[in-house]
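Numbering (the working numbering), first residue to last: 42 to 362.
See below for the structure under consideration.
In structure tokens form, the structure reads like this:
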């Protein structure tokens with residue numbers, strides 16, 4: 042709230058959420074989506090601590106002042122929402138709305154009505170610059186990232202989620218390689234980046250380990266290879282900029298902690314489904330071969346969760362037949 046673009050805004054609810062971490066900012070347009078689309082909104086590709094910007098008017102004011110909507114956004118990891126109200130006067134929040142936001146520590150900030158010239162881009166620029174400065178001041182990000190993933194819903198607590206946050210933190214693509222020389226986790230940054238991981242595996246032994254100069258590919262990508270502490274597993278860094286040794290050490294420490302906490306998830310009887318849900322593409326493909334199943338050929342999936350008192354074997358046979 043100390044940023045110039047937000048200094049004249051006011052907090053309508055969820056003030057306890059002011060101490061929460063914001064890692065990214067997104068714009069959501071409630072007016073341009075259908076009811077079904079709004080109900081299905083899941084920012085699964087975000088970095089969890091997301092601040093939303095939106096604008097509303099009198100006709101759709103209830104869309105962001107609905108208890109179910111607030112609970113849904115909070116569940117997906119959103120920190121809160123900055124609301125631009127188009128109208129003469131911002132209505133007061135209903136008591137139940139404020140109580141819901143306060144309980145969930147979900148910030149609801151109304152932009153100052155007199156700031157008619159304030160744009161999304163101005164707010165986004167200031168917030169992202171503040172995030173960048175904070176990362177420079179606090180390079181030891183391991184406790185923060187592990188803490189953030191630990192606070193996520195159980196189904197999202199994974200090494201893959203940690204890798205996603207790390208890739209965004211250092212702005213480089215990452216891959217964890219096991220002692221057999223196979224990729225077990227990978228994350229491209231940015232998401233649309235194309236990294237030929239398979240070809241990199243063929244030359245990974247030629248890439249210097251821990252502290253040597255990185256290898257530069259023909260397209261200018263710099264590749265660094267680093268061993269995880271007290272482990273045979275390693276991590277590959279691929280990006281436009283050289284990753285410093287200090288950053289490599291911090292990433293390796295964070296990944297080792299994540300592997301200690303959640304690395305064993307791949308050994309349970311639901312490992313294939315878990316790998317698909319958590320976006321572990323290589324792991325899912327490897328496990329799929331055991332079941333004669335190709336995840337890459339799947340366009341949609343129905344995941345059925347049954348209570349403990351249901352005969353799961355009987356239900357499974359019923360679905361198959």
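For glycine and all other residues, C-beta sits at the position ideal for the given N, C-alpha and C.
Taking C-beta atoms as the reference points, residue 139 and residue 54 count as a pair closer than 7 Å. Residue 257 and residue 207 have their C-alpha atoms roughly 21 Å apart. Counting of Cβ neighbours within 10 angstroms places residue 142 among the buried residues, the total reaching 16 or more.
Nearest in C-alpha terms to residue 280, of all of 231, 193, 58, is 231. Residue 229 sits close to residue 236, with the two beta carbons spaced by under 7 Å. Non-local beta-carbon contacts of residue 52 in its own chain, meaning distances under 6 Å to residues more than five positions away in sequence, involve 150 in chain order.
For a cut-off of 8 Å, the C-beta gap from residue 189 to residue 62 is around 7 Å, short enough to register as a contact.
Closest in C-alpha terms to residue 233, from the list 284, 214, 240, comes 214. Distances from the CA of residue 92 to each of 107, 167, 137 were compared; the closest alpha carbon is that of 167. Cβ-Cβ distances below 6 Å link residue 125 to 96, 152 in the same chain, with the five nearest sequence neighbours on each side left out; the list follows chain order.
Around the beta carbon of residue 49, a 10 Å sphere encloses fewer than 16 other beta carbons of the protein chains shown; the residue is thus reported as exposed.
A direct Cα-to-Cα measurement between residue 183 and residue 123 gives close to 29 Å.
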